[in-house]
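Here the protein sequences line up with chains A and B, keeping their order.
FYI, our numbering numbers position 81 of the first sequence as 84, with every residue one higher than the one before it.
FYI, our numbering numbers position 117 of the second sequence as 153, with every residue one higher than the one before it.
No residue lacks a Cβ here, since even glycine has one placed at the ideal position from N, Cα and C.
All values derive from a computational prediction rather than experimental measurement.
Contents: one structure, followed by commentary.
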Amino acid sequence: MKDLKRVLLAEDNAKDVELTLAALDEYRLANDVVVVRDGAEAWDYLSRAGQYAGRPPGSPAVVLLDLKMPKVDGLEVLRRMKADATLRTVPVVMLTSSREEKDLIESYRLGANAYVVKPVAFDDFMRSVKSLGLFWAVLNEPPPGTVRRAA
Amino acid sequence: MSAPRGSIRQKLVTAMMLTSTTVVILTGAALIIYDTISSRQSLTRRLTTQAEILAANSTAALAFENTDDARQLLSGLKSDPSAVMAALYDRRGQLFALYPADAPASMAPAAPGKVGSRFESQTLVIIEPVEEDGRMLGTLYLKSDLRALTVRRRVFALVVLLAAAGSVAVAFVLANWLQSGIAGPVRLLANAAEQVAQGRDYSVRAKVASDDELGLLSNAFNGMLGEIQQRDAALRASEASLRQLNSDLERRVQARTAELQVSNRELEAFSYSVSHDLRAPLRHVDGFADLLTRHAGPSLDDKSRRYLATISDSAKSMGVLIDDLLSFSRMGRSEMQHAHVSLREMVAEVRQGMSSDLTGREIVWEIGDLPDVVGDAAMLRAALTNLLSNAVKYTRGRSPARISIGVREENDEIVLYVRDNGAGFDMAYQDKLFGVFQRLHSAEEFEGTGIGLANVRRIVQRHGGRVWAEGKVGEGAAFFIALPRAGSAQAQHEEAA
Chain A
4 MKDLKRVLLA
14 EDNAKDVELT
24 LAALDEYRLA
34 NDVVVVRDGA
44 EAWDYLSRAG
54 QYAGRPPGSP
64 AVVLLDLKMP
74 KVDGLEVLRR
84 MKADATLRTV
94 PVVMLTSSRE
104 EKDLIESYRL
114 GANAYVVKPV
124 AFDDFMRSVK
134 SLGLFWAVLN
144 EPPPGTVRRA
154 A
Chain B
37 MSAPRGSIRQ
47 KLVTAMMLTS
57 TTVVILTGAA
67 LIIYDTISSR
77 QSLTRRLTTQ
87 AEILAANSTA
97 ALAFENTDDA
107 RQLLSGLKSD
117 PSAVMAALYD
127 RRGQLFALYP
137 ADAPASMAPA
147 APGKVGSRFE
157 SQTLVIIEPV
167 EEDGRMLGTL
177 YLKSDLRALT
187 VRRRVFALVV
197 LLAAAGSVAV
207 AFVLANWLQS
217 GIAGPVRLLA
227 NAAEQVAQGR
237 DYSVRAKVAS
247 DDELGLLSNA
257 FNGMLGEIQQ
267 RDAALRASEA
277 SLRQLNSDLE
287 RRVQARTAEL
297 QVSNRELEAF
307 SYSVSHDLRA
317 PLRHVDGFAD
327 LLTRHAGPSL
337 DDKSRRYLAT
347 ISDSAKSMGV
357 LIDDLLSFSR
367 MGRSEMQHAH
377 VSLREMVAEV
387 RQGMSSDLTG
397 REIVWEIGDL
407 PDVVGDAAML
417 RAALTNLLSN
427 AVKYTRGRSP
437 ARISIGVREE
447 NDEIVLYVRD
457 NGAGFDMAYQ
467 DKLFGVFQRL
477 HSAEEFEGTG
487 IGLANVRRIV
497 QRHGGRVWAE
507 GKVGEGAAFF
517 IALPRAGSAQ
527 AQHEEAA
């Protein structure tokens with residue numbers, strides 16, 4: 004877990020983590036994902052603090068942030084990232100169950116790159132996560148200093 | 037308060053003075069005239085008596101033609117300073133003797149003239165016959181000036197003038213004293229009226245100074261003031277209680293508003309957690325059922341696979357229910373943004389958005405003239421989408437399906453209708469049509485959660501309008517939305533503010 008991975012998934016719900024990883028595995032991306040269970044841990048990973056102090060430098064190609072998490076919520080992590088000179092350029096996808104308009108507006112206002120509502124239907128959920136992984140971790144050219152897929 | 041010009045006091049005094057002065061002048065004049073006449077008469081009588089005495093005394097002198105005696109007799113007139121001249125004529129009419137003795141003969145008239153008395157210029161002349169035993173001896177001519185008369189007249193005029201002046205002075209004093217009985221109460225009444233008018237003080241009362249008509253007037257005025265005071269007090273009291281009621285009402289409205297805001301916030305927090313937390317377990321149910329199917333699918337029998345499919349379907353339909361319920365709740369809470377909305381364009385957009393549902397369908401659209409309305413565009417679009425998709429859904433199986441959309445403009449509202457020739461409904465259930473999760477068809481027959489028309493009603497009600505429907509089983513249905521015009525005007529006003 005100390006390795007540098009291309010996808011950072013911040014999600015407090017273990018079942019959602021499992022379902023997300025199952026979806027990402029369709030593109031063999033599951034091993035490229037580092038999972039954190041709350042906002043504080045996500046921030047530690049991104050800022051190489053706490054238990055992640057010793058991880059190799061560099062940023063993930065994409066951060067999948069659950070909106071509602073214990074300790075520090077997704078919006079706060081997003082706010083901190085956008086205030087940080089190096090992390091500002093890392094693409095962030097908000098992943099949430101909430102369709103509330105105010106969350107959507109606040110996320111975009113803080114600079115989220117995408118906002119995805121997790122569908123109840125699993126096949127829709129699969130499709131969403133798979134295309135997210137494909138786009139952000141495979142197709143998208145990330146900013147310099149981020150982890151690239153081994154050729 | 038100073039007496040106004042031409043006050044009732046002045047008028048009364050003037051009237052009384054004019055009357056009394058006129059009376060005094062007329063009385064004085066009458067007295068003077070009467071006295072002049074009577075003093076002339078008494079003067080004439082006195083002189084006539086004097087002439088008669090003289091005439092009687094001069095009979096001897098005339099009979100004996102003794103001039104000296106006659107002169108002597110006439111000179112007795114010296115004692116009367118007003119006697120100007122006297123002459124004695126003989127029976128032939130010749131001047132016999134003259135007084136004063138040294139006066140020229142020409143001073144006496146040539147002939148004595150007619151017997152009697154007459155006033156000549158500033159003199160009184162008496163001509164008296166001198167007779168003895170009926171025998172005419174001569175004539176006496178006596179002339180007196182009117183000195184005594186003039187003096188008497190002057191004195192009398194002065195007395196009358198003084199009496200008149202005194203009377204007028206007394207009349208003035210009396211008039212001033214008497215007028216206060218009339219003008220005084222009037223002044224008191226006027227003062228009271230002015231005090232009321234200036235100070236709006238209805239507790240003022242006019243003093244009742246007499247029991248005549250003025251007293252009646254003052255009493256009536258006081259009675260009126262009492263009435264006004266009572267009504268004023270009642271008015272003030274009701275105003276005060278109205279103000280009290282108003283402020284109570286305001287306080288209550290504020291309290292209720294605060295309560296409403298709190299419960300609105302709670303509702304929002306509730307719907308947020310419903311949205312977030314209720315959907316997650318459903319996603320897991322469906323997700324893991326799906327993963328199980330993938331993982332163990334080949335080794336499962338058909339029955340087990342059908343069970344798994346049912347688990348997935350149920351989870352999905354509950355997800356749809358939650359989404360619908362949330363959208364219904366949002367429809368009731370979200371703030372309205374009023375704008376001019378073209379119904380014609382909106383219907384075209386909604387039809388465009390439904391194109392995927394229209395493939396393979398034969399639908400005849402009849403779209404009438406659609407005006408602009410004022411309302412929340414997003415909400416109105418949601419309502420129209422519901423009605424049109426219902427029309428499309430419930431005409432499934434009709435070929436061709438007919439859907440007509442039009443507007444009927446009435447006095448104070450704009451009525452939009454959507455009519456179809458679809459499955460229709462039993463009018464007995466029309467109350468249930470617009471209820472939340474109320475359905476008249478089974479999910480197998482026509483899919484849906486039963487939230488659509490509830491949303492339509494909520495949207496229209498928030499616009500101040502009303503909804504209703506008409507239908508017949510197997511023949512079709514018509515849905516009506518009536519939007520108020522007055523509400524449109526108010527919305528325009530809010531938009532401009």
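(1) With H, G and I counted as helix, E and B as strand and the rest as coil, what does DSSP make of Asp-248(B)?
(2) Would you tell me roughly how many angstroms separate the C-alpha atoms of Arg-236(B) and Pro-221(B), rounded to the nearest one?
(3) What did DSSP end up calling Val-496(B) once you bin it into helix, strand or coil?
(4) Contact between the region 354-369 of chain B and the region 388-395 of chain B: three or more CB pairs below 8 Å?
(5) Check whether the region 362-382 of chain B and the region 321-341 of chain B touch, using three or more Cβ-Cβ pairs below 8 Å as the test.
(6) Going by beta carbon distance, what residues of the same chain come within less than 7 Å of Lys-243(B), once the five residues before and after it are set aside?
(7) State the Cα-Cα distance for the pair Leu-318(B) and Leu-70(A), rounded to the nearest angstrom.
(8) In three-state DSSP terms, what is Glu-530(B)?
(9) Count the other C-beta atoms from every protein chain shown that fall within 10 angstroms of the C-beta of Ala-427(B), then say buried if there are 16 or more, exposed otherwise.
(10) State buried or exposed for Ile-517(B), treating a residue as buried only when at least 16 other CB atoms are found within 10 Å of its CB.
(11) For Lys-85(A) versus Leu-113(A), is the C-beta distance shorter than 7 Å?
(12) Would you tell me roughly how many angstroms separate the C-alpha atoms of Glu-79(A) and Gly-42(A), rounded to the nearest one?
(13) Does the region 393-403 of chain B touch the region 322-338 of chain B, meaning 3 or more C-beta pairs lie closer than 8 Å?
(14) With a threshold of 7 Å between beta carbons, is His-320(B) in contact with chain A?
(15) Quick check on the burial criterion: 16 or more other C-beta atoms within 10 angstroms. Buried or exposed for Pro-60(A)?
(16) When you check each C-beta in the region 110-138 of chain A against every C-beta of chain B, which residues fall closer than 7 Å?
(17) With 7 Å set as the bound, which would you pick, yes or no: does the beta-carbon of Leu-107(A) sit closer than that to a beta-carbon of chain B?
(18) Closer than 7 Å by beta-carbon distance: list the chain B residues that pair up with Glu-103(A), in chain order.
(19) Between Ala-316(B) and chain A, is any beta-carbon pair separated by less than 7 Å?
(20) Taking Cβ-Cβ distances below 9 Å as the criterion, which residues of the region 339-359 of chain B are in contact with chain A?
(21) With a threshold of 7 Å between beta carbons, is Gly-556(B) in contact with chain A?
(22) Rounded to a whole number of angstroms, what is the C-alpha to C-alpha distance between Ala-123(B) and Leu-134(B)?
(23) For Tyr-308(B), which of helix, strand or coil comes out of DSSP?
(24) When you compare the CB positions of Val-39(A) and Ala-13(A), do they come within less than 7 Å of one another, or not?
(25) To the nearest angstrom, report how far apart Tyr-48(A) and Ser-350(B) are at their CA atoms.
(26) Where do the ends of the alpha helix (DSSP H) carrying His-320(B) lie?
(27) Taking the Cβ atom as the reference point for each residue, do Ile-441(B) and Asp-456(B) lie within a distance shorter than 7 Å?
(28) One question on the structure: do Pro-94(A) and Val-10(A) come within less than 7 Å of each other, judged by their Cβ atoms?
(29) Contact criterion: CB-CB distance below 7 Å. Does Lys-71(A) meet it with respect to chain B?
(30) Go through its chain and collect everything with a Cβ distance to Met-4(A)'s Cβ below 6 Å, but skip five positions before and after it.
(31) Which residues in the same chain have their Cβ closer than 8 Å to the Cβ of Asp-126(B), if we skip the five residues on either side of it in sequence?
(32) At which residues does the alpha helix (DSSP H) containing Phe-192(B) begin and terminate?
(33) At a CB-CB cut-off below 7 Å, which residues of chain A make contact with Asp-326(B)?
(34) For Met-129(A), count the other beta carbons within 10 Å of its own beta carbon; 16 or more makes it buried, fewer makes it exposed. Which is it?
(35) List, from N- to C-terminal side, the beta strand (DSSP E) runs of 3 residues or more that fit wholly inside the region 466-512 of chain B.
Per the coordinate set shown:
(1) coil
(2) 22 Å
(3) helix
(4) no
(5) no
(6) Leu-224
(7) 18 Å
(8) For Glu-530(B), the pLDDT reaches just 43, beneath the cut-off of 50, and the residue's location in the model is therefore unreliable, although a value from the coordinates is still provided. Reduced to three states, the DSSP call for Glu-530(B) is helix.
(9) buried
(10) buried
(11) yes
(12) The straight-line gap from Cα to Cα measures roughly 8 Å.
(13) No, they do not touch.
(14) The C-beta of His-320(B) comes closer than 7 Å to at least one C-beta of chain A.
(15) Result: exposed.
(16) Residues of the region 110-138 of chain A with a C-beta less than 7 Å from any C-beta of chain B: Lys-121, Val-123, Ala-124, Phe-125, Asp-126, Phe-128, listed in chain order.
(17) The beta-carbon of Leu-107(A) is placed no less than 7 Å from the nearest beta-carbon of chain B.
(18) Tyr-308, Ser-311
(19) Output row for Ala-316(B): interface = yes.
(20) Ser-348, Ala-351, Lys-352, Met-354, Gly-355, Val-356, Ile-358, Asp-359
(21) No answer is possible for residue 556(B): the residues shown for chain B start at 37 and end at 533.
(22) 4 Å
(23) When secondary structure is reduced to three states using DSSP, Tyr-308(B) falls in the helix class.
(24) Yes, Cβ-Cβ distance for Val-39(A) and Ala-13(A) is below 7 Å.
(25) Looking at the two C-alpha atoms, the distance is approximately 39 Å.
(26) 315-332
(27) no
(28) Val-10(A) is positioned such that its CB atom lies no closer than 7 Å to that of Pro-94(A).
(29) yes
(30) Per-residue confidence for Met-4(A) stands at a pLDDT of 39, beneath the threshold of 50, marking its modelled position as unreliable; the derived number appears in the next sentence. Cβ neighbours of Met-4(A) beyond the five flanking positions: none.
(31) Leu-98, Glu-101, Phe-132, Leu-173, Gly-174
(32) 183-235
(33) Phe-125, Asp-126
(34) buried
(35) 502-508
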